[in-house]
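Everything on this sheet refers to the single structure shown next.
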Ligand code: SF4
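In my numbering, the protein residues as written are 161 to 479.
Here is the structure:
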């Protein structure tokens, strides 16, 4: 445990190359940037270890397509980093030999990105036919190997809103106990370029996101969360909003090929998201990050509804 009781989480980017081509990808404009070399990644791991990282999350692009992925994970574990995780589109795990190799590297947890409950929605968003089938096979291979620590994340866009309840059933049936429904970030990349095609109004998205969370609660999943949302649209499930909890739990640094951010949580709240004059007097003001800056530019703030009754504000508690 680090300063103020927070865990130090280092997010180590390998580069932006990916075998998917998601329509909403925040890194769409960065695909051509050079990948980090193996030596650079190993040096990053040494630095993370000497800084006392509690958690190392390795991400891309898609980090698992690198031939050196298992070696990099194994180096982090050898250094004694307690939790080494990777966010992945899951396709590589369809190959049992690759799945075995990565599990053997000592990786602690995997976060599968699932954007629809079936191929029709998921593959349309990843723009790679067959990507959903590979992801499902990957999940089965990992289960067969006894690897259980698999989380899920879903980027919420116009195209998958109506499918969120069915996706919740998919996650529950797959035994994924830790899920985040992430309201799309339109500040950069694909969702910025194609804003009107991809970004739903929060007033349309929130009811579907809340239904998915409620399904999880009924199924006994107490670690299903929504992320990057204005709290006023989630009054009945304030304890399931990721960003209200993470500020107290983690200090998060992002180490990418093209930037280093030593306070990713703080800078997102300060720069990426915004509250407006409508928020004045809202009892959730201090806990809430508002909504994406680019969202406000396109849709305005008319959907933000200040919370005035203490009973709603009082429901925030760390989960
Ligand atoms: S009105 Fe503003 S401060 Fe209040 S919950 Fe909504 S976005 Fe957050």
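Quick reminder that beta carbons are idealized off the backbone N, C-alpha and C, glycines included.
Minimum Cα-Cα distance from residue 304 among the listed residues 283, 295 and 260 corresponds to 260. Residue state for residue 465 is assigned as coil, using DSSP reduced to three classes.
Ranked by Cα distance from residue 220, the first of 249, 374, 424 and 205 is 249.
Distance from the C-beta of residue 404 to the nearest heavy atom of the ligand SF4 is not below 8 Å.
Contact between the segment 165 to 177 and the segment 415 to 427 is present: 3 or more CB-CB pairs across the two stretches fall below 8 Å.
Residue state for residue 421 is assigned as strand, using DSSP reduced to three classes. Cα atoms of residue 448 and residue 165: separation of roughly 22 Å, rounded to the nearest angstrom. Relative to the non-hydrogen atoms of the ligand SF4, the Cβ of residue 450 comes within a distance shorter than 8 Å of at least one. Only residues of its own chain outside the window of five on either side were considered, and among them 235 have a CB closer than 6 Å to the CB of residue 202, listed in chain order.
Inter-segment contact for the segment 260 to 271 and the segment 293 to 312 is present: three or more beta-carbon pairs are separated by less than 8 Å. For residue 370, the enclosing alpha helix (DSSP H) begins and ends at 362 to 378. Bridge pairing for residue 311: 271 [DSSP].
Distances from the alpha-carbon of residue 387 to those of 228, 335, 425 and 411 put 425 closest.
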